[in-house]
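Working notes for the structure below.
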Amino acid sequence: MLAGDSETVLYKRESIGRKAVGVCALIASAATVPFKDAIAGKVAGGVACMVLYFSIMDMSYSYNVKRFTGVAGALTLFIAGAWLALSPVLPECSASTCAAAYVAIVFLFLAAVVQATSLRFVSPRAPSVSSEDIFTRKRAEEVLQFQLRLDVVFAGLFTVAAIVMSSVAPNATSFVVAAFLQALQTAGTYVILQSVRRTDTRIEATYIESV
Numbered sequence: 001m002l003a004g005d006s007e008t009v010l011y012k013r014e015s016i017g018r019k020a021v022g023v024c025a026l027i028a029s030a031a032t033v034p035f036k037d038a039i040a041g042k043v044a045g046g047v048a049c050m051v052l053y054f055s056i057m058d059m060s061y062s063y064n065v066k067r068f069t070g071v072a073g074a075l076t077l078f079i080a081g082a083w084l085a086l087s088p089v090l091p092e093c094s095a096s097t098c099a100a101a102y103v104a105i106v107f108l109f110l111a112a113v114v115q116a117t118s119l120r121f122v123s124p125r126a127p128s129v130s131s132e133d134i135f136t137r138k139r140a141e142e143v144l145q146f147q148l149r150l151d152v153v154f155a156g157l158f159t160v161a162a163i164v165m166s167s168v169a170p171n172a173t174s175f176v177v178a179a180f181l182q183a184l185q186t187a188g189t190y191v192i193l194q195s196v197r198r199t200d201t202r203i204e205a206t207y208i209e210s211v
């Protein structure tokens, strides 16, 4: 396999891992809603929301920054899950809220495990969309197409989550924000992909005219 191809696969796996962490964080955040009055519940919900927001935005960081934020995220999720599990939330929960408490704890720990596992898929860099090399731009287009498909799926998922939580929770602002951020990310990915395609079309047209 070519080095460029392996980098593309690695970046795709990194994107999938980031979205998987986001799904776990979304479920954990929703499950902590009944415990917003408890400190452990607030912390767990806040951590889950921040991890969710971070999983949505596809930003270009250096390899070392990605590794650091991945380790920090996994540790923070684990600590939040342990704090919630050891807090009075479980002993004091009612028949209607105990299931939510266990779901929140399980998915906080699961998000931490997925985040830690995803460290092996950290990509040094995404293929540059502005590269002069046609093969690099083609790989960039392939990555963007894959990213756009992921973004569309999760835009729908987060929109449904925002609608559901708005109907069952007194304050669903964090879920609405998540849906909005994912919509922005989807639009941004689409715009960049179209720009790459237009550039490639112009280059190909120029080449054909010069032949």
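Residue numbers (full-length UniProt numbering): 1 to 211. Even for Gly, the Cβ is constructed at its ideal location relative to N, Cα and C.
Q: Could you tell me which of K42, I105, F175 sits nearest to I56, measuring between CA atoms?
A: F175
Q. Among the residues of its own chain, which have a CB less than 7 Å from the CB of Q185, if the five just before and after it don't count?
A. Within the same chain, Q185 has close Cβ partners I56, M57, D58, D151.
Q) In whole angstroms, what is the alpha-carbon distance linking V9 and I16? A) 11 Å
(Q) On the criterion of 16 or more Cβ atoms from any shown chain inside 10 Å, does Q147 qualify as buried, or is it exposed? (A) buried
Q.
Using only the alpha-carbon positions, how far apart do A101 and V196 sit?
A. Separation of A101 and V196 (C-alpha to C-alpha, rounded to the nearest whole angstrom) is 46 Å.
Q) P91: buried (16+ other C-beta within 10 angstroms of its C-beta) or exposed? A) exposed
Q) Out of V114, V191, I192, V164, which has the shortest C-alpha to C-alpha gap to A179? A) V164
Q. So A111 is in the alpha helix (DSSP H); what residue range does that whole segment cover?
A. Where A111 is concerned, the enclosing alpha helix (DSSP H) stretches over 98–117.
Q. Mapping DSSP to helix, strand and coil, what is A28?
A. helix
Q) Once you ignore the five residues that flank I105 on each side, which residues in its own chain have a CB closer than 6 Å to its CB? A) G81, L84, A85
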